[in-house]
Amino acid sequence: MSAGELREKFEDFYRNYTIQRKHKYRDNISKLVFSEEVVLRIDFSDLYAFDHILAEATVNSPQAALEAANEAAMEMLRVENPSFAAKIMGINIQFTGRAGHQLKLREIESAYLNKLINVQGLLIRISQIRPLVTKAAFQCNTCKTTQMIPQRGLKMNNPTRCNNPECKAKRTRFTFLPKQSEFTDIQFSRLQESPEELPPGQIPRFIDIRLMGPLVEIARPGDPVLVNGIVLLREERSSPTSSLFDMVLEVNYIEPLTKEPSAITITEEEEKSFKELAAQGDAFNQIVDSFAPSLHGLKDVKESLLLSLFGGQERVLPDGVKVRGDIHVFLVGDPGTGKSELLKYIAQVAPKGIYTTGRGTTAAGLTAAVVKESGGGLVLEAGAVVLSDRGVCGIDEIDKMRPEDRVSLHEAMEQQTVSIAKGGIIATLNARATILAAANPAEGRYNPNRLIKDNIRLPVTLLSRFDLIHLIRDEPERDLDEALVDHVLDLRVSEEALKESLTPEFMKKYIAYAKRINPRLTEEAKEKIREFYLKMRETSTLESPISISPRQLDSLMRLSEARARADLIEEVSVGHVEDATRLVFKFLRQVGMDTETGAIDVDIILTGVPQKRRSRIGIVQTELENMQRELRGPVPREELIDRIMKTSKLSRADVEKLIDSLKTSGAIYEPKPGFVSRIYR
């Protein structure tokens, strides 16, 4: 189809397409004078319904179609509003909806070069806005005549000869005139396959994309988007003699998609089956039994992981403070207890899930980074947590990460954002993800005689951000071992044991459907939470440790709401609260128990040091400070020990241990043998 025929067909479409007796596109062209952007959006389904031949020509020759569509719209605008038409350079035509060949990213191949396609994916990087010349002004160095040369792509199209017939120079040089040239904005980005579309065991495919004009700054790294664009060859090559090219997608239209799991399409039949399961009264138990069925037992762990998928409600308090609804879970266990398998299974069942490992993962790969692109500019690239926004990020072997890289998780877990300021790029990205992590004990196996911070190479500032921490220990127990052996042998001989289970796809959609429900606490549920919290606090005095803190109260509310969602119920019942308190109490008993006193001490989780030990350390530090002031210098170690033994009930062995621990932590030092002195910071 020639350019003239395309233009006539588009003009016919603009003038004669009607919907509900209104000329949709003729009216939209007339309204361009009142809009901030000179953009005409054409619903591709409208174009196909009006003239399928024109629609097919647009798919096969999109560049020619866009030029014809622009010329036809400008011609109509010159008739209806000539003064406005004279002021603008042209109309930006965008084809909305699912325009062109509907493909997955891994299906893009050379057959689609110069064709219009429609794809979906995640934006994983985006550059700063840069100016791109669309019409370049060149001045002849001989006769000083200026001519405008239209530009397309990233390589400058220079004039070969002067267009002034009176210029006598056969060959001349030209000077580029930036001030007289016309420019548009351009942004370079990268589109990657979404985790939920990735085939098992495959590496995510990606394609570089270009956003121009009104399309810049529409989406941010980590956003899922729908893109209509033209597949082109990249102008730059590593070598001019190379026969290999890279493909790039020149975007015509981009639409950010919702990240909410509720956006997953659920049919009426599926909704009916979900309600039928919930009506049986034991829906959550059936889901727990179907979760990672090849792993025997671990019921409490599976319950916790599943509740993290259902999640609580995100709230914004009247003073503007945001309270997260995501439930973070941490698994610590002996080797071979199934931690990695649980995290991998979570990534399958979650409506949106990403699995990564701490070994070799950097802060940039986990959160976000500023990287240098091939053209020399800087681009902002999203990491695993940002890409998991409104989903789940499973981090296996988190203890293997470098300490400086783990620090980046603090903000992501509590504020649920990732802030970055580097290379002139200052940005805050959303990271509203549930963090599920796993780690092995530092000594290989968990030592119950040591505190959790001594068993795991993780700072307490990070540990305290997890709502639940589970210890999975491999201890000989006759009955459990027999059940485990029978289960493994049954699976090896036959898979019949798994055939009764709910499928991962069913559970994924059930969870997405449940997250649409926003349960509220009943008065009975509030009273149950209040009763549990106050009862735990009653055991706390000035001398005894604090057994629970407000942070666990927030966790308890989130877990109760998640439990109600699992039953598809809009009210949190007493039974839901009891299930939540059982998990919280087990977590506090396992992780927060003082190995010396046997009492639950939440300070072990929040600070890494039991309250009793911290008070003893305070006694030593205070006495050392007083003696150092009296002697105006270092204190003899033996004199310090004797005075502390007289003023407190501590034994000599206890005092010596405390002094040695303070030396190890760097709080005190020995300026000379037999003397100690406090370090002031």
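Residues in the sequence shown are numbered consecutively from 137, following my numbering. Glycine is no exception: its CB is placed at the ideal position from the N, C-alpha and C atoms.
- The criterion of a C-beta distance shorter than 8 Å is satisfied by K645 and I400.
- Inter-residue distance for E386 and G289 is about 9 Å (C-alpha atoms, whole angstroms).
- Annotated as proximal: V708 and E697, with beta-carbon spacing under 8 Å.
- I285 is bridged by DSSP to A272.
- Beyond the five residues adjoining it in sequence on each side, I229 comes within less than 6 Å, by CB distance, of L176, L202, A205, N206 in the same chain, given in chain order.
- For Y805, the three-state secondary structure derived from DSSP is strand.
- Residue pairing by DSSP puts Q256 in a beta bridge opposite L362.
- By the CB criterion at 8 Å, E477 and G461 fall outside the cutoff.
- Distance between I705 and L441, taken at the CA atoms: about 19 Å.
- In this chain, F420 is not harboured by any beta strand (DSSP E); it is covered by the alpha helix (DSSP H) spanning 419-426.
- Residue pairing by DSSP puts N566 in a beta bridge opposite T553.
- Annotation: the continuous alpha helix (DSSP H) that includes Q726 extends over 710-727.
- Assignment of beta-bridge partners to H159 by DSSP yields no partner.
- Under the 10 Å beta carbon count, E243 is surrounded by fewer than 16 other beta carbons and is classified as exposed.
- Within a 10 Å sphere around the beta-carbon of V452 sit fewer than 16 other beta-carbons, which makes this residue exposed.
- The beta carbon of I804 is closer than 6 Å to those of L798, V812, R814 in its chain, skipping five residues each way along the sequence.
- Between the region 245-259 and the region 218-235, the count of Cβ pairs shorter than 8 Å is three or higher; the stretches touch.
- For the pair D778 and A789, the Cα-to-Cα distance works out to about 12 Å.
- Assigned with DSSP and collapsed to three states, A578 falls in coil, not helix or strand.
- Beta-bridge partners assigned by DSSP to C529: I490, I571.
- Taking a C-beta distance under 8 Å as the contact criterion, S325 and I345 qualify as a contact pair.
- Only residues of its own chain outside the window of five on either side were considered, and among them V174 have a CB closer than 6 Å to the CB of I224, listed in chain order.
- In the DSSP assignment, F811 forms a beta bridge with P772.
- A distance of 8 Å or more separates the beta carbons of G489 and G448.
- Taking a contact to require three or more Cβ pairs closer than 8 Å, the region 310-317 and the region 273-286 qualify as touching.
- Minimum Cα-Cα distance from Y389 among the listed residues G494, A574, F602, V363 corresponds to V363.
- Closest by C-alpha distance to Q551, out of Q156, L413, A573, V522, is V522.
- Taken through DSSP and simplified to helix, strand or coil, A505 comes out as strand.
- For S440, the enclosing alpha helix (DSSP H) starts and ends at 435-446.
- Assignment of Q688 by DSSP, reduced to helix, strand and coil, places it in the helix class.
- Taking the Cα of R162 as reference, the smallest distance to any Cα among A139, R214, I189 is reached at R214.
- For L479, the enclosing alpha helix (DSSP H) has its first and last residue at 475-485.
- Fewer than three Cβ pairs drawn from the region 577-588 and the region 543-557 lie within less than 8 Å of each other, which leaves the two stretches out of contact.
- Beta-bridge pairing by DSSP links R341 to no other residue.
- If one requires a minimum length of 4 residues, the alpha helix (DSSP H) runs lying completely within the region 174-210 are 180-186, 188-196, in chain order.
- Excluding sequence positions up to five before and after L268, its CB lies within less than 6 Å of the CB of T320, I322, all in the same chain and listed in chain order.
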